[in-house]
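A.B. asks: In my numbering, the protein residues as written are 776 to 1060.
(1) On the CB-based measure, 16 or more other CB atoms within 10 Å of its CB, does residue 816 come out buried or exposed?
(2) Hey, how far is the Cα of residue 942 from the Cα of residue 981?
(3) Would you say residue 944 and residue 908 are within 7 Å of each other, going by their C-beta atoms?
(4) Could you compute how far the alpha carbon of residue 927 sits from the alpha carbon of residue 949?
(5) In the DSSP output, which residue or residues are listed as bridge partners for residue 926?
(6) I believe residue 870 touches residue 910 by the beta-carbon criterion, under 8 Å. Please report the beta-carbon distance rounded to the nearest angstrom.
(7) Under a three-way DSSP split, which group does residue 864 fall into?
(8) Got a sec? Which residues, its chain only, sit under 6 Å from residue 1051 by beta carbon, not counting five neighbours each side?
(9) DSSP three-state call for residue 979: helix, strand or coil?
(10) Going by the beta-carbon positions, is the gap between residue 957 and residue 938 smaller than 7 Å?
(11) Taking the CB atoms as reference points, tell me whether residue 963 and residue 812 lie closer together than 7 Å.
(12) Taking 7 Å as the cut-off, decide whether the C-beta atoms of residue 965 and residue 854 are in contact.
(13) Whose CA, out of 923, 985, 906, lies closest to the CA of residue 891?
(14) Tell me the rounded alpha-carbon separation between residue 919 and residue 968.
(15) Counting C-beta neighbours from all protein chains within 10 Å, is the total for residue 830 16 or more, i.e. buried, or is it exposed?
(16) Round the Cβ separation of residue 1046 and residue 1032 to the nearest angstrom and send it over; I've been treating them as touching at under 8 Å.
(17) State the Cα-Cα distance for the pair residue 895 and residue 882, rounded to the nearest angstrom.
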């Protein structure tokens, strides 16, 4: 009798265990299914979403395709200047006639202007000034050609593997190219530094000329202007060869997401969609 009772008890334990095991599997499958979040669709030719904190790529479309980067190039110009001249940005910049001859968009610097290199950098990022980019190149490396080599070297240090930069502004030039993945890696690298973050997030900037009245400019980045929650950068770009480009970044609860969109006619809307997607994946509201 005792043996029969023990056997029944053992059998019921096994049945209960099996029910619990099967339930756990079904519950786990349900949770996994519920946790899946479909990525947004995109019309962009090359798009990458990166978790800037871990460098993990969360979405990629043609991530390694060589592309014209247009004025997103200026992000690399900024990073190169900070890496090579970070402690000497308060020096007055020399402005050449070549710099002032650049086609638009321009900051509006003039030969003989008294303005620090740091102010030129800040103005370059806000106004997307091609003239300012050349001023930076000439003052940091001595020439546009030498600065291009420095840009390529610094970009590689930041994790870029398929980029060559020949100029500081991004105007179309044969051989000047990058990829969505490379630009995402460079952006994530730059956002680790406070000076970089300070200069890619401005909506307005009062350019502090020392020889003439300050000039207030506003960013060309509608992503920043539209006040997306946590928006803190980064850079727009457009040329006929490159199409519409955007590198957009946002930080919430100390967590930073960056999306790179190259040749994307729907960049403003998609930037929001992809950043929302990234934050949801990380459980950040």
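The beta carbon of each residue, even a glycine, is placed where N, CA and C say it ideally should be.
C.D. replies: In brief:
(1) Exposed, because fewer than 16 other Cβ atoms sit within 10 Å of the Cβ of residue 816.
(2) Looking at the two C-alpha atoms, the distance is approximately 26 Å.
(3) Contact: yes.
(4) The straight-line gap from Cα to Cα measures roughly 15 Å.
(5) Residue 926 pairs with nothing; no bridge assigned.
(6) Right, their Cβ atoms sit about 6 Å apart.
(7) Residue 864: coil per DSSP, three-state reduction.
(8) Sequence-distant Cβ neighbours of residue 1051 in its own chain, meaning closer than 6 Å and more than five residues away, do not exist here.
(9) Reduced to three states, the DSSP call for residue 979 is strand.
(10) With a cutoff of 7 Å on beta-carbon distance, residue 957 and residue 938 are scored as near each other.
(11) In this structure, the beta-carbon distance from residue 963 to residue 812 does not fall below 7 Å.
(12) Yes, these two residues count as a Cβ contact at 7 Å.
(13) Considering only alpha carbons, the answer is 985.
(14) C-alpha separation (whole angstroms): 25 Å.
(15) Per the 10 Å Cβ criterion, exposed.
(16) Between residue 1032 and residue 1046 the Cβ distance is about 10 Å, and since that is not below 8 Å, they are no contact.
(17) Approximately 8 Å between the Cα atoms of the pair.
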